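Numbering follows numbering that gives the first Met the number 0, with no gaps: position 186 of the sequence shown is 185.
Each residue gets a CB set at the ideal place from its N, CA and C atoms; glycine is no exception.
Owing to the predicted nature of the structure, the values given are computational and were not obtained by experimental measurement.
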Amino acid sequence: MDVNLNVSCRLTALQVMRDAPVIPVIVLSDVNQAVSLARALVAGGIRMLEITLRTPQALACMEAIARDVPEAVVGAGTVRSAADAQACAMAGARFAVSPGYTHAVGQACRDAGLPLLPGVATGSEIMMAQEAGLTELKFFPALQAGGSAMLKAWNGPFGDVRFCPTGGVSVANAAEFLALPNVVCVGGSWLTPADALARGNWAQVTALAYQASHLPRHFALTSS
Ligand code: 3PG
């Protein structure tokens, strides 16, 4: 929790990953829910919020949270093009997450000042991201692409890379990932269940965030 949240401070990908054990993957289709949801997550100890570009309202939701919830850091998820990266930066996003990696997305994020957590699922993709200077990566889809066994295997040849496994991660298996030395945090949608959003059950979201923010992890918060 050592991050300066002031919007004038540029974050690093590692700061985004270190802030809490879980980055929530959020799908919002109602801009009126955005601020309440962000406040509920912050109340549970989760500040780095990945708003996915999967709905037409996503950019407006980012804008609303960036404007009204200064204790949160808006991130953009499902960034798949340079145009996505630019639009998210304009909407107030301060980090980006992508389901894969391309040099165009990497360059656009650099140009926009957005730290990027690109998705990788193979050794070649890790090497491409490393060629661009990226060492903090999302492992996606984590469960389907090999789970914790894959991360253990990667820790040999890619011992300098730190991962945020996402996809199929839940409170039931998060601890297995967070126990690994090359995992800093995990990503997942379980903190924001669709029915809780539909009913405006913000207490449930806060309880899930609180539970997530207290998950133990191997990664030492003091390491650089
Ligand atoms: C993502 O979008 O990054 C993942 O699809 C989230 O996966 P989950 O819904 O299994 O947590």
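Host alpha helix (DSSP H) of Ser97 (start-end): Taken as a continuous stretch (DSSP letters only), Ser97 belongs to no alpha helix (DSSP H), being part of the beta strand (DSSP E) at Phe94 to Ser97.
Bridge-paired residues (DSSP) for Thr51: Gly76
Coarse secondary structure for Ser223, derived from DSSP in three states: Reliability of the predicted coordinates at Ser223 is poor, the pLDDT of 49 falling under 50, and the value obtained from them is presented with this limitation in mind. Coil, per DSSP.
Cβ-heavy atom distance, Val170 to ligand 3, below 7 Å: Questions concerning ligand 3 fall outside what the structure shown contains, since the ligands it does hold are ligand 1.
Bridge-paired residues (DSSP) for Glu135: Arg161
Nearest-residue set for ligand 1, Cβ under 5 Å from any heavy atom: Val24, Thr165, Gly166, Gly167, Gly187 and Ser188
contact_flag[the segment 124-136, the segment 79-94] where n(CB pairs < 8 Å) is 3 or more: no
Residue from Asp18, Met149, Phe157 and Pro192 with nearest C-alpha to Val72: Measuring from the Cα of Val72, the nearest candidate turns out to be Asp18.
Cα-Cα separation, Ser223 to Lys151: Caution applies to Ser223, whose pLDDT of 49 falls short of 50 and renders its modelled position unreliable; the value that the coordinates give is listed next. Their backbone Cα atoms lie some 21 Å apart in a straight line.
Member of Leu58, Thr205 and Ile64 whose CA lies at the smallest distance from the CA of Thr224: This structure cannot speak to residue 224, because the chain is shown only from 0 to 223.
Residue range of the beta strand (DSSP E) that includes Gly118: If you look at Gly118, you'll find it in the beta strand (DSSP E) that goes Leu115 to Val119.
Buried versus exposed call for Ala120 [16 or more other C-beta atoms within 10 Å across all chains shown]: buried
Whole-number beta carbon distance between Ala39 and Ala144, since they are thought to touch under 8 Å: Not really, about 31 Å apart at Cβ, beyond 8 Å.
Residues bridged to Val21 (per DSSP): According to DSSP, Val21 bridges with Val185.
Proximity test, Cβ basis, 8 Å: Gly43 and chain C: Structure shown: chain C not included; a single protein chain is present.
Spatial distance of Ser98 from Gln210 (CA atoms): Looking at the sequence shown, residue 98 is not Ser but Pro. Looking at the two C-alpha atoms, the distance is approximately 26 Å.
Short Cβ contact (8 Å threshold) for Gly186 with Val168: yes
Cβ pair count under 8 Å reaching 3, the segment 108-117 against the segment 24-43: With the cut-off at 8 Å, the segment 108-117 and the segment 24-43 do not touch.
Alpha-carbon spacing of Leu142 relative to Thr165, whole angstroms: 8 Å
Whole-number beta carbon distance between Pro23 and Ile45, since they are thought to touch under 8 Å: 6 Å
Cβ neighbour criterion (16 or more within 10 Å) applied to Pro117: Buried, since its Cβ has 16 or more Cβ neighbours within 10 Å.
Per-residue burial, Val160 [other beta carbons within 10 Å of its own, 16 or more giving buried]: buried
C-alpha distance - Ala178 paired with Gly105, whole-angstrom precision: Going by the C-alpha atoms only, they are around 29 Å apart.
Nonlocal neighbours in the same chain, by C-beta distance under 6 Å from Phe157, ignoring five residues either side: Once the five neighbours on either side are set aside, the close Cβ partners of Phe157 are Ile125.
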